[in-house]
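A.B. asks: Here it is: the structure, laid out below.
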Amino acid sequence: MAATPFTALDVHYSILYSSDTKFPVGFTFPFKLPSKRFTLVCNSSKSPPKPPPNSSTELQKQNPSLAEQLKPLSSTTLTDIPPKDQPPNTHLLTKPRSTWVNPTRPKPSVLSLQRHKRSSYSYNPRIRDLKLFARKLNECDTSEAAFKGVLEEIPHPPTRENSLLVLNNLKPWEKTILFFNWVKTQNLFPIETIFYNVTMKSLRFGRQFQLIEELAHDMIKNEVELDNITYSTIITCAKRCNLFDKAVEWFERMYKTGLMPDEVTYSAVLDVYAKLGKVEEVMSLYERGRASGWKPDAIAFSVLGKMFGEAGDYDGIRYVLQEMKALGVEPNLVVYNTLLEAMGKVAKPGLARSLFEEMVESGINPNEKTLTSLVRIYGKARWARDALQLWERMKSNGWPMDFILYNTLLSMCADLGLVDEAEGLFEDMKASEHSKPDSWSYTAMLNIYGSGRNVDKAMKLFEDISDLGVELNVMGCTCLIQCLGRAKRIDDLVRVFEFSLKKGVKPDDRLCGSLLSVLSYCEGEDLDKVLACLHQANPKLVAFIKMVEEEKTSFEMVKEEFKSILNDTSVEARRPFCNCLIDICRNKDTTERAHELLYMGTVYGLYPGLHTKTADEWRLNVRSLSVGAAHTALEEWVGTLTKMVERQEALPQLFSANTGAGTHKFSQGLPSAFALHVRKLAAPFRQSEEKAGLFVATREDLVSWVQSRSLAATA
DNA sequence: GTAGGGTTAG
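This is the structure:
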């Protein structure tokens, strides 16, 4: 047991993330990939691997698959450790862990612990001339004729060393491949692996996967050895081109040819699976690597950290931190940045803050990316004090700024409603040399002015955008429309909308939501103008609004059409759509329709937790409802309760309705509107003294109110 | 000069 490389948390993950618990972790390794299933293969023999033969069928004959090699081992050396032997703090465990228990047996290795050795450089005295020559090649026309012309000027014969030096200094991939092919035709020396590797690296910059693959096949044909550097270049190029199946295919091929990946190739592949969101496979690979004696470095942990952040897996992030500590791996700047970003993804601002402090204390200075992550996290969390303190520190420490960080600061100001600070920043950007405001900056400012209801400043920005030719994007357009709608400046709204369409803005569901919400408080001519805009963005919505106005429309028809609209709408825009449509119905005095829509919204799960019940209290939660929807929900509730009182059914002691305090920047004054509606109904709900936005009524008050209403109705 | 792996915006 002493030799086991697993830590307590490993156990947790080996259970959570082993791809198939029938197979103990560390053995059978069935990847499930979109196109096919395959099994990792590697050689376990002591003899060095043979150079790659030419076809994969030959390969399989020569090298048995890993699964085949491991079969006898897996049935003899593995056992499940009884639960009592488990380390403490593994409360998440539901199954006994599986691991190696016979340390005298060799562990099957999935990666080579030895990194690929680089050939040492010898000094080339012709370096100046050759670099100058390479620069000429870089700068000349891409046509083959122009290139050939410059080639004539080569200052020294293209020996192996000279050619390599030039190849290393070529930048556009077109030039690299031309030069590579030329060197080949010169036939002065055999083209070794390093020539292919250098060329591939340049092709990777240009994302030319197909050419890289052709080169690789050329190597196979010419019996030039593919080494770890070749494979990692191919794999990362496939990854950057989003050709993940290709990346996996080449990784698989490595083992088949008997070449063991080293840690660079291995972590590149970890990243491939991480980018595919295949957490189980990554953890399985990770654990198998660890079981092979691999001590992962900061880069590998950065891959894991990013993956867990994307997966929103907080336990995963903690695991990465603890694993690094256990293995004595010091996080570097990139690891900190990745983990901070991940903390943001899982919404843990407090942990992000302490991680940042730990980083600064350890003597690592934050860069633009670090600060961008942290600023965004504080903004999203509405941690105004921390955000402003951080900003002060950035200024006094002279920490680096770039325009993404500027824009993120602006967005944070929008999130926190910091108008003056945003204006200051925006001016700084205008005055700066490298961080001029772009469409993001303008959008952030439009957001700030829009939610602060500062129409004039928002329109001034719009004029600047038109004059300066800054791109107006769909979010900026949405902010303007919200703001102009609330100010009832419908002609300006139409102008902005038409301008945006002309500039190529594609209206999305949020933009339609804004138009819908403007519709809900428009009358007369204005209504028609806004409807005309909405018609251009989403004609189906306009048809639906017309349809629900018609008295003859049946509930069945509304239901069908509403369902179809929701299906066409992105998930996050569905509730706002329903809210607005309910408001529109109420404003047109088609309250019956409003009730139908609320009913359907509830059925389709747009209002989860609208009603909550405990033995003592029933609560109506209308925080995420619009004013009209909240009124509708209250009426519906009162109707239900009335029936229950009449039938003398059991009722709790307390009734409450929660509107929220209405402090959010998008709040439409729901608490006061709700209070007004309660008064109109003369319902016995009172604003709670302890909690803003909570309206409470006792059973006795409610029952006597219901009874007096019934009496009045029958009288 | 250094043939290969990881991190920033609604």
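Residue numbers for the first sequence follow my numbering, beginning at 7 and rising by one. Cβ atoms here follow ideal geometry from the backbone N, Cα and C, with glycine treated the same way.
Could you check if Pro355 is buried or exposed, using at least 16 other CB atoms within 10 Å of its CB as the buried criterion?
C.D. replies: Translated into positions along the first sequence, residue 355 becomes position 349. With 16 or more Cβ atoms within 10 Å of its Cβ, Pro355 is classed as buried.
A.B. asks: Per the DSSP calculation, Ser662 is bridged to which residue(s)?
C.D. replies: Taking the first residue of the first sequence as 1, we reach residue 662 at position 656. Paired residues: Arg625 and Val702.
A.B. asks: Using a threshold of 7 Å, state whether the C-beta atoms of Leu184 and Ala140 are closer than that.
C.D. replies: Mapped onto the first sequence, residue 184 falls at position 178. Mapped onto the first sequence, residue 140 falls at position 134. No, the Cβ-Cβ distance between Leu184 and Ala140 is not below 7 Å.
A.B. asks: If Glu269 sits next to Asp233, beta carbons under 8 Å apart, how far is it from one beta carbon to the other, in whole angstroms?
C.D. replies: On the first sequence, position 263 is the one that residue 269 refers to. On the first sequence, position 227 is the one that residue 233 refers to. Wrong, their Cβ atoms sit about 14 Å apart, outside the cutoff.
A.B. asks: Using DSSP with H/G/I as helix, E/B as strand and the rest coil, what is His122?
C.D. replies: Position 116 of the first sequence, counted from the first residue, corresponds to residue 122. Coil at His122, not helix or strand.
A.B. asks: My guess is that Asn343 and Thr376 are in contact by the Cβ rule of under 8 Å, so how many angstroms apart are they, rounded?
C.D. replies: Locating residue 343 in the first sequence gives position 337, counting from the first residue. Locating residue 376 in the first sequence gives position 370, counting from the first residue. That pair is a contact at about 5 Å.
A.B. asks: Taking Cβ to Cβ, would you say Val577 is nearer than 7 Å to Glu602?
C.D. replies: Within the first sequence, the letter at position 571 stands for residue 577. Within the first sequence, the letter at position 596 stands for residue 602. Cβ distance not < 7 Å, so Val577 and Glu602 don't count as in contact.
A.B. asks: Count the other CB atoms, across all protein chains shown, that sit within 10 Å of the CB of Asn248; report buried if there are 16 or more and exposed otherwise.
C.D. replies: As a working mapping, residue 248 is identified with position 242 in the first sequence. That one is exposed.
A.B. asks: Give the DSSP-derived three-state secondary structure of Thr638 in the structure shown.
C.D. replies: The residue you call residue 638 lines up with position 632 of the first sequence. The answer is helix: DSSP assigns Thr638 an H, G or I state.
A.B. asks: What did DSSP end up calling Thr618 once you bin it into helix, strand or coil?
C.D. replies: The residue you call residue 618 lines up with position 612 of the first sequence. Thr618: strand per DSSP, three-state reduction.
A.B. asks: Over what stretch of residues does the alpha helix (DSSP H) that includes Ser417 continue unbroken?
C.D. replies: For this step, residue 417 is matched to residue 411 along the first sequence. Counting along the chain, the alpha helix (DSSP H) containing Ser417 begins and ends at Phe409 to Leu422.
A.B. asks: Three-state secondary structure (DSSP) at Arg213?
C.D. replies: Within the first sequence, residue 213 is the residue found at index 207, counting from 1. Of the three classes helix, strand and coil, the one that applies to Arg213 here is coil, per DSSP.
A.B. asks: When we look at the beta-carbon of Arg459 and count the other beta-carbons within 10 Å, is it buried (16 or more) or exposed?
C.D. replies: Taking the first sequence and counting its residues from 1, the one referred to as residue 459 is at position 453. Exposed.
A.B. asks: Counting Cβ pairs, one atom from each stretch, are 3 or more of them under 8 Å apart for the stretch 618 to 634 and the stretch 540 to 560?
C.D. replies: Because the criterion of three Cβ pairs below 8 Å is not met, the stretch 618 to 634 and the stretch 540 to 560 do not touch.
A.B. asks: Taking its Cβ as the centre, do 16 or more other Cβ atoms sit within 10 Å of Gln488, making it buried, or is it exposed?
C.D. replies: Indexing the first sequence from 1 puts residue 488 at position 482. Buried, by the Cβ-count rule.
A.B. asks: DSSP three-state label for Gln395, please.
C.D. replies: By 1-based counting over the first sequence, the position of residue 395 is 389. It is helical.
A.B. asks: Look up Gln713 in the DSSP assignment and say whether it is helix, strand or coil.
C.D. replies: The sequence position of residue 713 within the first sequence is 707, counting from 1. Gln713 falls in the helix class under three-state DSSP.
A.B. asks: By Cβ distance, which residues of its chain are closer than 6 Å to Arg121, with the 5 residues on each side in sequence left out?
C.D. replies: On the first sequence, residue 121 is found 115 positions in, with the first residue counted as 1. So the qualifying residues of the chain are Asp268.
A.B. asks: Which of the three DSSP states is assigned to Thr720 in this structure?
C.D. replies: Translated into the one-based positions of the first sequence, residue 720 becomes position 714. Helix.
A.B. asks: Does the beta-carbon distance from Val285 to Phe250 come in below 7 Å?
C.D. replies: On the first sequence, residue 285 is found 279 positions in, with the first residue counted as 1. On the first sequence, residue 250 is found 244 positions in, with the first residue counted as 1. In this structure, Phe250 does not lie closer than 7 Å to Val285 by Cβ.
A.B. asks: Nearest CA to the CA of Ser662: which residue from Arg653, Gly668 and Ala689?
C.D. replies: Counting from 1 along the first sequence, the entry for residue 662 is found at position 656. Answer by Cα proximity: Ala689.
A.B. asks: Going by alpha carbons, who is nearest to Thr199 out of Gly212, Gln192, His223 and Leu572?
C.D. replies: By 1-based counting over the first sequence, the position of residue 199 is 193. Thr199 has its Cα closest to that of His223, out of Gly212, Gln192, His223 and Leu572.
A.B. asks: Output the boundary residues of the alpha helix (DSSP H) element that contains Thr271.
C.D. replies: Taking the first sequence and counting its residues from 1, the one referred to as residue 271 is at position 265. Segment Glu269 to Lys281, the alpha helix (DSSP H) holding Thr271.
A.B. asks: Per DSSP, what kind of secondary structure is Gln693 in: helix, strand or coil?
C.D. replies: Against the first sequence, residue 693 aligns to sequence position 687. Reduced to three states, the DSSP call for Gln693 is strand.
A.B. asks: I'd like the list of long-range same chain contacts for Asn585, defined as Cβ closer than 7 Å, with 5 residues on each side in sequence excluded.
C.D. replies: Against the first sequence, residue 585 aligns to sequence position 579. The answer, listed in chain order, is Leu631, Ser632 and Ala635.
A.B. asks: Note down, in chain order, each residue of its chain lying with its Cβ closer than 8 Å to the Cβ of Ser694, except the 5 sequence neighbours on either side.
C.D. replies: If you number the first sequence from 1, residue 694 lands on position 688. The residues are Ser662, Leu700, Phe701 and Val702.
A.B. asks: With a threshold of 6 Å on Cβ separation, who are the neighbours of Leu657 within its own chain once the five nearest residues in sequence on each side are excluded?
C.D. replies: Here residue 657 refers to the residue found at position 651 when the first sequence is read from its first residue. Contacts found: Arg705.
A.B. asks: Quick check on this structure: which residue in Phe195, Phe153 and Ile590 has the alpha carbon closest to the alpha carbon of Pro164?
C.D. replies: The residue you call residue 164 lines up with position 158 of the first sequence. Of the listed residues, the one whose Cα sits closest to Pro164 is Phe195.
A.B. asks: Please state if the CB of Ala274 and the CB of Ile241 are separated by a distance shorter than 7 Å.
C.D. replies: The residue labelled residue 241 in the question sits at position 235 within the first sequence. The residue labelled residue 274 in the question sits at position 268 within the first sequence. In this structure, Ala274 lies closer than 7 Å to Ile241 by Cβ.
A.B. asks: For Thr720, count neighbouring Cβ atoms within 10 angstroms of its own Cβ and tell me buried if that reaches 16, exposed if not.
C.D. replies: On the first sequence, residue 720 is found 714 positions in, with the first residue counted as 1. Counting Cβ neighbours within 10 Å, Thr720 comes out exposed, since fewer than 16 surround it.
A.B. asks: Leaving out the 5 sequence neighbours to the left and right, which residues in its chain are closer than 6 Å to Lys245 when beta-carbon positions are compared?
C.D. replies: As a first step, residue 245 must be located in the first sequence, where it is residue number 239. Cβ within range, chain order: Ala253 and Val278.
A.B. asks: Output the boundary residues of the alpha helix (DSSP H) element that contains Arg388.
C.D. replies: Indexing the first sequence from 1 puts residue 388 at position 382. No alpha helix (DSSP H) contains Arg388, which DSSP labels as neither H nor E.
A.B. asks: Tell me which same chain residues have a C-beta within less than 7 Å of the C-beta of Glu642, skipping the five on either side of it?
C.D. replies: Working through the first sequence from its first residue, we reach residue 642 at position 636. So the list reads His601 and Leu604, once near-sequence residues are dropped.
A.B. asks: Can you look up Cys518 in the DSSP assignment and give me helix, strand or coil?
C.D. replies: The sequence position of residue 518 within the first sequence is 512, counting from 1. Three-state result, Cys518: helix.
A.B. asks: Evaluate contact between the stretch 462 to 479 and the stretch 442 to 450, counting only Cβ atoms and requiring at least three cross-stretch pairs below 8 Å.
C.D. replies: They touch, by the three-pair rule.
A.B. asks: Tell me whether Tyr613 is buried or exposed, calling it buried when 16 or more other Cβ atoms sit within 10 Å of its Cβ.
C.D. replies: In the first sequence, counting from the first residue as 1, residue 613 sits at position 607. Flag for Tyr613 reads buried.
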